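What follows is one structure encoded as structure tokens, with my remarks underneath.
2 protein chains.
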Amino acid sequence: MTARANPFFGREPRPHLEGDFAREELALAHRNSALPLEALAYDVTPLGLHYTLSHFDLPRLDAAGFRLAVGGRVARTLSLTLDEIRRLPARTLRVTLECAGNGRGLMSPRYPSMPWLHEGVGTAEWTGTPLRHALEQAGVAADASEIAFLGADRGFDRGVEHDYGRSLKLADASSDDVLLAYAMNGAPLAPQHGSPLRLLVPGWYGMASVKWLTRIEALDRPFDGFQQVVGYRYRKFAGDPGVPITFAKPKSLMAPPGIPDWFTRRRLVEQGEVTLAGRAWSGAGIAIVRVDVGVDGAWREAALEPQRDRFAWQGWRFEWRAIPGEHELAVRATDATGATQPLEPEWNTNGMGNNAVQRVQVTVR
Amino acid sequence: MTARANPFFGREPRPHLEGDFAREELALAHRNSALPLEALAYDVTPLGLHYTLSHFDLPRLDAAGFRLAVGGRVARTLSLTLDEIRRLPARTLRVTLECAGNGRGLMSPRYPSMPWLHEGVGTAEWTGTPLRHALEQAGVAADASEIAFLGADRGFDRGVEHDYGRSLKLADASSDDVLLAYAMNGAPLAPQHGSPLRLLVPGWYGMASVKWLTRIEALDRPFDGFQQVVGYRYRKFAGDPGVPITFAKPKSLMAPPGIPDWFTRRRLVEQGEVTLAGRAWSGAGIAIVRVDVGVDGAWREAALEPQRDRFAWQGWRFEWRAIPGEHELAVRATDATGATQPLEPEWNTNGMGNNAVQRVQVTVR
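In order, the protein sequence lines correspond to chains X and E.
Under the working numbering, the first residue of the first sequence carries the number 1, and numbering increases by one thereafter.
Under the working numbering, the first residue of the second sequence carries the number 1001, and numbering increases by one thereafter.
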């Protein structure tokens, strides 16, 4: 890990925030893209509507001159071109990715970071080669326990300068589902999705899927990169060493019905039969088995599509007889293990993994 | 104009705001996409990095069943399929589009709306047919003075329910540069850019380029649509009838140098020779003839690319000898008419057309 402390940048961004949003939070919301919730209607999210979360500036890498370095505890260090990676056996997986910080802006007090409300999610068809092919080519040493992944994006966080990097245990990294991905929805990766090459780790929150992937290192010890050790952990209090963030939790979202008001996004719905619809996913590859829709606090089961792709969201629908007046709609998913969404956010210091139910206020006329 | 007042929605979104940003503003920043400023490096903005501003939900229109209705003061009403429009003579134009509200979030007090900082801009290659071909086919009546354009996106603004709509004077609408555009960067329009058909009005702020265009009406009187009469006007005080917003003003932006801090986006730059670069545009089709870069308040002229496409931005570069310490960088464009960017925002009630110079704080080590 290359980490140089720098006196120009503080150790914590600023104290926790409540109420209105700081300009820094707004600037992050501008930089990163969110899924407009009506785009839940698409099985596969069109490019430009899938969420993005990039810690630092988007690197501009030249695909022609690109090399992926594979080193560390390996028999042979590699320097793979994109063509060499494309010639390895290819897989295409439909995967729902969600930002670990999705829902942070709904926690209070909230950690000063990207203030997602509900929209840090999307589903794409990712094409690449299982990472294990590259690892086999390099010959991972018997004493290697983790594989670290480093991106070309560099910056500071809490005073620590670093390239964005994450690691996986060797067993996790060897899954046939973990891809070196070079295409999204059938096209070469866009700059904001990691062009020309990224890691894709289905089932995990998005932070594991390192973009602009340029270096892979086999390690005989735990990776000590900032984003592994400090960045992505569930912490209950300041100073809590916390628990690493891994799999995504079960969650569901609704495309708000009716038409919006421009500024408040308050919804106006015509009375009568209204089809409510959205998506539910566990992320972790566990099927969602039940979705309930709440209307003014009364919950009823929605119609749910079966799981077709292990790592992709499932559609749900619910016929609602809308009666004039003010209503609160909500949606809640339960997975095959019985895990369900909490009714209120489960607070943690960094605002991670908030899978509390979404609530939508509507006016029926 | 279909406009029904609705008692559930107030006439003004809320009072002007100062300081931190309201949750409604944040939600708009999530819904709409911004250009990360490092993407100024691209001559043509990649899909997903070009700005978007959509007032209401993104409609999902079926290209196969799509019809463009042309009516009002015409000899023959038309109902054009997408194929019929594609068979008309095609043009491709490279155009820089900027949101009229870009920079609103930098005004104080600010109007409660999309709180753009600098990023509501992008450049694309738009392909379509000049609108005049469709108008000629319909036969615009001698008494027609304006052409109105209605989108499929519907919602409320300040209590008024309407489809998004704008108009142009017949003479403006008849320019060979005004396109019925069906492709962007060589691909069919993405949902968020108006799929399958939009208007493209080069030189004007983005509000004129109506997305999800489904109806065109020739009128013998001024169009009274909300977005024409109320929405997009420069107003100096509440109640001021104001002036319609038309052409984009001269502007320039810099890709901030160095590497960022995650939360503050403060920049760290290594001392020595640093190339500063960015783009400048008048939008209105008037060439930018000079760009100046300010370093700690001292202005010097940058190297500027000539105007190659009448409606597209021009690149500029500036070699800066960076000395350790804190610095403020700024950039200022001047067009062929002598119009230049103000040093401070020129306030108006709705936060429109802010082309004040961008300032970038950097730390050099």
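Glycine included, each C-beta is placed from N, C-alpha and C at the ideal position.
Owing to the predicted nature of the structure, the values given are computational and were not obtained by experimental measurement.
What number of angstroms, rounded off, separates the C-alpha of alanine 41 (chain X) from the C-alpha of aspartate 172 (chain X)?
-> Position 41 of the first sequence, counting from 1, holds the residue named residue 41 (chain X). Position 172 of the first sequence, counting from 1, holds the residue named residue 172 (chain X). If you take the alpha carbons of alanine 41 (chain X) and aspartate 172 (chain X), they lie about 32 Å apart.
Three-state class that DSSP yields for glutamate 344 (chain X) in the structure shown | The residue labelled residue 344 (chain X) in the question sits at position 344 within the first sequence. Glutamate 344 (chain X) falls in the coil class under three-state DSSP.
Where do the ends of the alpha helix (DSSP H) carrying glutamate 119 (chain X) lie?
-> In the first sequence, counting from the first residue as 1, residue 119 (chain X) sits at position 119. That residue, glutamate 119 (chain X), is in no alpha helix (DSSP H); it is neither H nor E in DSSP.
Quick one: what's glutamate 1136 (chain E) bridged to in DSSP?
-> Translated into positions along the second sequence, residue 1136 (chain E) becomes position 136. BP columns for glutamate 1136 (chain E) are empty, so no partner.
Glycine 1155 (chain E) at chain X interface by Cβ criterion, 8 Å = The count along the second sequence starts at 1 and reaches residue 1155 (chain E) at position 155. So, interface residue.
Give a yes or no on whether 8 Å exceeds the smallest Cβ distance from aspartate 20 (chain X) to chain E.
-> Here residue 20 (chain X) is taken as the residue at index 20 of the first sequence, counted from 1. For aspartate 20 (chain X), the answer is yes, since a Cβ of chain E falls inside 8 Å of its Cβ.
Close-in-space but distant-in-sequence residues of the same chain around leucine 78 (chain X) (CB under 8 Å, 5 per side omitted) = Counting from 1 along the first sequence, the entry for residue 78 (chain X) is found at position 78. Leu68, Ala69, Val70, Gly71, Ala134, Gln137, Ala138, listed in sequence order.
Aspartate 1335 (chain E) vs serine 1282 (chain E) beta-carbon contact at 8 Å | Position 335 of the second sequence, counted from the start, is the residue given in the question as residue 1335 (chain E). Position 282 of the second sequence, counted from the start, is the residue given in the question as residue 1282 (chain E). Yes, the pair counts as a contact, with Cβ atoms nearer than the cut-off.
State yes or no: is the C-beta of aspartate 240 (chain X) within less than 8 Å of the C-beta of proline 202 (chain X)?
-> What you label residue 240 (chain X) is simply residue 240 of the first sequence in a count that begins at 1. What you label residue 202 (chain X) is simply residue 202 of the first sequence in a count that begins at 1. Cβ atoms of aspartate 240 (chain X) and proline 202 (chain X): not closer than 8 Å.
Which residue comes first and which comes last in the alpha helix (DSSP H) that contains alanine 27 (chain X)?
-> Taking the first sequence and counting its residues from 1, the one referred to as residue 27 (chain X) is at position 27. Start and end: 23 to 31.
So what's proline 202 (chain X) in DSSP terms, helix, strand or just coil?
-> Residue 202 (chain X) sits at position 202 when you count from the first residue of the first sequence. Coil, per DSSP.
Output, in sequence order along the chain, the residues in the region 245 to 263 of chain X whose CB is closer than 7 Å to any CB in chain B.
-> Looking at the structure shown, chain B is missing, and the protein chains on hand are X and E.
Nearest to arginine 132 (chain X) by alpha carbon, out of X:Glu125, X:Glu146, X:Ala124, X:Val121?
-> The count along the first sequence starts at 1 and reaches residue 132 (chain X) at position 132. Ranking the options by Cα distance to arginine 132 (chain X), first place goes to X:Glu146.
Is the CB of serine 209 (chain X) under 8 Å away from at least one CB in chain E?
-> Within the first sequence, residue 209 (chain X) is the residue found at index 209, counting from 1. Serine 209 (chain X) does not count as touching chain E.
Less than 8 Å separating the beta-carbons of leucine 1035 (chain E) and proline 1109 (chain E)?
-> Position 35 of the second sequence, counted from the first residue, corresponds to residue 1035 (chain E). Position 109 of the second sequence, counted from the first residue, corresponds to residue 1109 (chain E). Going by C-beta atoms, leucine 1035 (chain E) is not nearer than 8 Å to proline 1109 (chain E).
Near tryptophan 1313 (chain E), what residues of its chain come up, given a Cβ to Cβ distance below 7 Å and the 5 sequence neighbours on each side ignored?
-> One-based indexing of the second sequence puts residue 1313 (chain E) at position 313. So the list reads Thr1096, Thr1123, Arg1279, Ala1280, Trp1281, once near-sequence residues are dropped.
Pick from E:Thr1127, E:Arg1365, E:Gly1101: whose alpha carbon is nearest that of valine 1269 (chain E)?
-> Position 269 of the second sequence, counted from the start, is the residue given in the question as residue 1269 (chain E). Looking at the Cα atoms, E:Arg1365 is the closest of the given residues.
Could you give the C-beta distance for glycine 155 (chain X) and aspartate 1083 (chain E), rounded to a whole number, given that I count them as a contact under 8 Å?
-> For the purposes of this step, residue 155 (chain X) is taken as residue 155 along the first sequence, with counting starting at 1. For the purposes of this step, residue 1083 (chain E) is taken as residue 83 along the second sequence, with counting starting at 1. Glycine 155 (chain X) to aspartate 1083 (chain E), Cβ: 48 Å. No contact.
Cut-off 6 Å between Cβ atoms - residues of its own chain near alanine 181 (chain X), not counting five sequence neighbours on either side = Residue mapping note: residue 181 (chain X) aligns to position 181 of the first sequence, counting from 1. Within the same chain, alanine 181 (chain X) has close Cβ partners Trp126, Gly128, Arg198, Leu200.
Using Cβ-Cβ distances below 8 Å, what residues of the region 1105 to 1119 of chain E are close to chain X?
-> Gly1105, Pro1112, Ser1113, Pro1115, Trp1116, Leu1117, Glu1119
Give a yes or no on whether 8 Å exceeds the smallest Cβ distance from arginine 198 (chain X) to chain E.
-> The residue given as residue 198 (chain X) occupies position 198 in the first sequence. Taking Cβ atoms only, chain E never reaches closer than 8 Å to arginine 198 (chain X), which makes this a no.
How close, in whole Å, do the beta carbons of aspartate 1143 (chain E) and arginine 1073 (chain E) come, if the pair is a contact with beta carbons under 8 Å?
-> Walking along the second sequence from the start, residue 1143 (chain E) turns up at place 143. Walking along the second sequence from the start, residue 1073 (chain E) turns up at place 73. 6 Å between Cβ atoms; contact.
Report, in whole angstroms, the separation of the C-beta atoms of valine 295 (chain X) and alanine 302 (chain X), which I expect to be a contact under 8 Å.
-> What you label residue 295 (chain X) is simply residue 295 of the first sequence in a count that begins at 1. What you label residue 302 (chain X) is simply residue 302 of the first sequence in a count that begins at 1. Going by Cβ atoms, the distance from valine 295 (chain X) to alanine 302 (chain X) rounds to 11 Å, so no, they are not a contact pair.
Indicate the three-state DSSP secondary structure (helix, strand or coil) for methionine 352 (chain X) in the structure shown.
-> Start at 1 with the first residue of the first sequence, and residue 352 (chain X) comes out as number 352. DSSP places methionine 352 (chain X) in coil when its eight states are reduced to three.
Three-way DSSP call (helix, strand, coil) for histidine 162 (chain X) in this model | Residue numbering aside, residue 162 (chain X) sits at position 162 when the first sequence is read from its first letter. Of the three classes helix, strand and coil, the one that applies to histidine 162 (chain X) here is strand, per DSSP.
Give the residues of chain E in contact with histidine 55 (chain X), contact being defined as C-beta atoms less than 9 Å apart.
-> Indexing the first sequence from 1 puts residue 55 (chain X) at position 55. Per Cβ cutoff of 9 Å: Pro1260, Trp1262.
Please list, in chain order, all residues of the same chain as phenylalanine 1318 (chain E) whose beta carbon is under 6 Å from its beta carbon, the five residues on each side excluded.
-> Working through the second sequence from its first residue, we reach residue 1318 (chain E) at position 318. Answer for phenylalanine 1318 (chain E): Leu1276, Val1293, Ala1302, listed in chain order.
Helix, strand or coil: which one does DSSP assign to leucine 1093 (chain E)?
-> Here residue 1093 (chain E) corresponds to residue number 93 of the second sequence, with the count starting at 1. Here leucine 1093 (chain E) sits in strand by DSSP.
Quick one: residues in its chain with C-beta nearer than 7 Å to the C-beta of arginine 1104 (chain E), no 5 flanking neighbours on either side, listed in chain order?
-> Residue 1104 (chain E) sits at position 104 when you count from the first residue of the second sequence. Excluding sequence neighbours, arginine 1104 (chain E) sits near Arg1110, Tyr1111, Ser1113, Met1114, Pro1115, Trp1116, Gly1351, Asn1354.
For glutamine 192 (chain X), which residues in chain E fall below 7 Å Cβ to Cβ?
-> Against the first sequence, residue 192 (chain X) aligns to sequence position 192. Under the 7 Å cutoff, chain E gives Gly1048, Leu1049.
Closest by C-alpha distance to phenylalanine 56 (chain X), when choosing among E:Pro1244, E:Met1254, E:Thr1264, E:Pro1342 = The sequence position of residue 56 (chain X) within the first sequence is 56, counting from 1. Cα-wise, what sits closest to phenylalanine 56 (chain X) is E:Thr1264.
Three or more C-beta pairs closer than 8 Å, one from the region 46 to 60 of chain X and one from the region 1046 to 1054 of chain E: is that the case here?
-> yes
Neighbourhood of glutamate 1217 (chain E) by C-beta, 6 Å cutoff - its chain only, sequence neighbours within 5 removed | Translated into positions along the second sequence, residue 1217 (chain E) becomes position 217. If we look at glutamate 1217 (chain E) and ignore the five residues flanking it on each side, its Cβ neighbours are Gly1071, Gly1072, Ala1148.
Leaving out five residues before and five after leucine 1061 (chain E) in sequence, what residues of the same chain have Cβ atoms less than 7 Å from its Cβ?
-> Indexing the second sequence from 1 puts residue 1061 (chain E) at position 61. Same-chain partners within the cutoff: Ala1152, Ser1195, Pro1196, Trp1212.
Could you tell me the boundaries of the beta strand (DSSP E) in which leucine 219 (chain X) lies?
-> What you label residue 219 (chain X) is simply residue 219 of the first sequence in a count that begins at 1. Residues 213 to 219.
At a CB-CB cut-off below 9 Å, which residues of chain X make contact with leucine 1058 (chain E)?
-> To locate residue 1058 (chain E), count along the second sequence from 1; it is residue 58. Those are Pro36, Glu38, Ala39, Leu49, listed as they occur along chain X.
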